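Engineer: The sequence shown begins at 1 in full-length UniProt numbering and counts up one residue at a time.
The structure follows.
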Amino acid sequence: MQHIRELYNKLAKRRKIDPVKKFFPVLFALPVLALVLFFSYLFVADRKVNPPSENILLTPSATPGPEVSGSGNIEVSYPHSGTDIGYILSITGRARVFENNFNYRLSDSAGNILAEGYAMANAPDVGEFGPFTVTTHYTPPTTTAGVLNVFSGSPKDGSEINIVRIPIRFPSGESFSFKIFLGSNSQNPDAADCTLVYPVERRAAKTPAVAQKALESLLDGPTTFEKELGYYSSVPAQVSLQAITINGSVARADFSSELDRTGGSCRVLNIVSQIRATLLQFPTINEIVISVDGRTEDILQP
């Protein structure tokens, strides 16, 4: 009997579980679980702040598309809705219209017409789209917002069709008006007098460097609308203004070498007249000295 009791006690001791051993797996698992939860939180938070790069790559750009007429026959790629158009209106796009002719009209929000005209798309064939570019000066608006309409005339009754209506903004801040001087085929046919030049209006943001701005605008040449009216510039398109200084009543304007790469006495005379007239519009200037790369001798020869 004693032997059986001793055997029973031995078995009972073997079955008794040490508390440390009993809870060791739990004690080990808790820190591991805490670390997993901590890094999971950081991963989720990072994804909220910094989205995965593949999502950024798949996001389309915010570049606005062309403004299109309801018929789809006129597309205006510039200006876009809400664009500040600056002081020279520029319109680009493409059209598929009768005889490639289309019209444009710029108005301020008070209904005043600031510029209007017509142009042609350069379509390769009938029924195909052709690109177009229009640049034109416009009269000062009375409001800060306006609308540009681009449309064509109906071949049946002349009514406006294929209309693209684009809300635009005008430049804010003070501006000033001035003139540049150009040749004119309509007013001086065949350049009968090579020295004759004619004023066209320009407007720009107010600046103390008015003479410089006027010459830079002269180098930009006539707008497409002015070209339609017969205006032209004899100054080569590649010429740049390198410096202009005004001492007393003497203005000295220095141009890049392209100005001296012209031929023909009539063209040279017209170039000089354009530059002189553009500068002499300012009452403080009485004398003009033209130079090319700093040289005043042997330049602008026929």
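Don't be surprised by glycine CBs; every beta carbon is placed ideally from N, CA and C.
Because the structure is a prediction, the values reported are computed rather than measured.
Express the C-alpha separation of Val292 and Gly263 in angstroms, rounding to a whole number.
Structural biologist: 15 Å
Engineer: Please list, in chain order, all residues of the same chain as Ala191 whose beta carbon is under 6 Å from its beta carbon, the five residues on each side excluded.
Structural biologist: Cys266
Engineer: What are the residues that DSSP puts in a beta bridge with Leu229?
Structural biologist: Answer is none; Leu229 lacks a bridge partner.
Engineer: Nearest CA to the CA of Ala204: which residue from Asp298, Ser177 and Leu218?
Structural biologist: Ser177
Engineer: Below 8 Å, how does it come out for the segment 264-283 and the segment 170-187: are there three or more Cβ pairs, yes or no?
Structural biologist: yes
Engineer: Are Leu196 and Thr135 close, meaning C-beta to C-beta below 8 Å?
Structural biologist: No, these two residues do not count as a Cβ contact at 8 Å.
Engineer: How about the segment 237-252 and the segment 208-216: do they share at least three Cβ pairs that are nearer than 8 Å?
Structural biologist: The answer is yes - the segment 208-216 touches the segment 237-252, with three or more Cβ pairs under 8 Å.
Engineer: Helix, strand or coil: which one does DSSP assign to Pro131?
Structural biologist: The answer is strand: DSSP assigns Pro131 an E or B state.
Engineer: Excluding the 5 residues preceding and the 5 following Gly221 in the sequence, name in chain order all residues of the same chain whose CB lies nearer than 6 Å to its CB.
Structural biologist: Excluding positions up to five away in sequence, the list reads Ser233.
Engineer: Taking only runs of the beta strand (DSSP E) that begin and end inside the segment 69-148, which ones reach a length of at least 3 residues, in chain order?
Structural biologist: 74-78, 88-95, 101-108, 113-120 and 130-137
Engineer: Going along the chain, which residues of its own chain have a beta-carbon closer than 7 Å to the beta-carbon of Asn122, five neighbours each way excluded?
Structural biologist: Gly130, Pro131 and Phe132
Engineer: Assign Gln274 to one of two classes, buried (16 or more other C-beta atoms within 10 Å of its C-beta) or exposed (fewer than that).
Structural biologist: When all chains shown are included, Gln274 counts as buried.
Engineer: Where does Ser247 fall in DSSP's three states?
Structural biologist: For the sequence presented, residue 247 should be read as Asn rather than Ser. Reduced to three states, the DSSP call for Asn247 is strand.
Engineer: May I have the straight-line CA-CA distance separating Asn270 from Leu229, to the nearest angstrom?
Structural biologist: 18 Å
Engineer: Which residue from Glu297, Ser71, Tyr231 and Lys227 puts its Cα closest to that of Ile163?
Structural biologist: For Ile163, the nearest C-alpha among the options comes from Ser71.
Engineer: Is there at least one Cβ from chain C nearer than 8 Å to Arg96's Cβ?
Structural biologist: The chain labelled as chain C is not found in the depicted structure, where only one protein chain is given.
Engineer: Between the alpha carbons of Glu174 and Ser186, how many angstroms are there, rounded?
Structural biologist: 34 Å
Engineer: Find the nearest neighbour of Ser184 within the set Pro171, Val147 and Val200, judged by alpha-carbon distance.
Structural biologist: Just measuring C-alpha positions, the residue of Pro171, Val147 and Val200 sitting nearest Ser184 is Val200.
Engineer: Only counting the same chain, and skipping five residues up and downstream in sequence, which positions put a Cβ closer than 6 Å to that of Glu160?
Structural biologist: Cβ within range, chain order: Phe151.
Engineer: Within 7 Å: the Cβ of Pro124 and any heavy atom of the ligand NAP?
Structural biologist: Only the bare structure without any ligand can be found here, which leaves the ligand NAP out of the picture.
Engineer: Let me know the secondary structure DSSP gives Ala253 once reduced to three states.
Structural biologist: Ala253: strand per DSSP, three-state reduction.
Engineer: Looking at Val272: is its Cβ nearer than 8 Å to the Cβ of Ile290?
Structural biologist: Contact: yes.
Engineer: Check Ala205 in the structure and name its three-state DSSP category.
Structural biologist: strand
Engineer: Grab me the residues of Thr284's own chain with a C-beta within less than 8 Å of its C-beta, minus the 5 sequence neighbours each way, in chain order.
Structural biologist: If you ignore the 5 residues before and after Thr284, its C-beta comes within less than 8 Å of the C-beta of Ile246 and Ser249, all in its own chain and listed in chain order.
Engineer: Which term fits Glu99, buried or exposed, when burial requires 16 or more other beta carbons within 10 angstroms of its beta carbon?
Structural biologist: exposed
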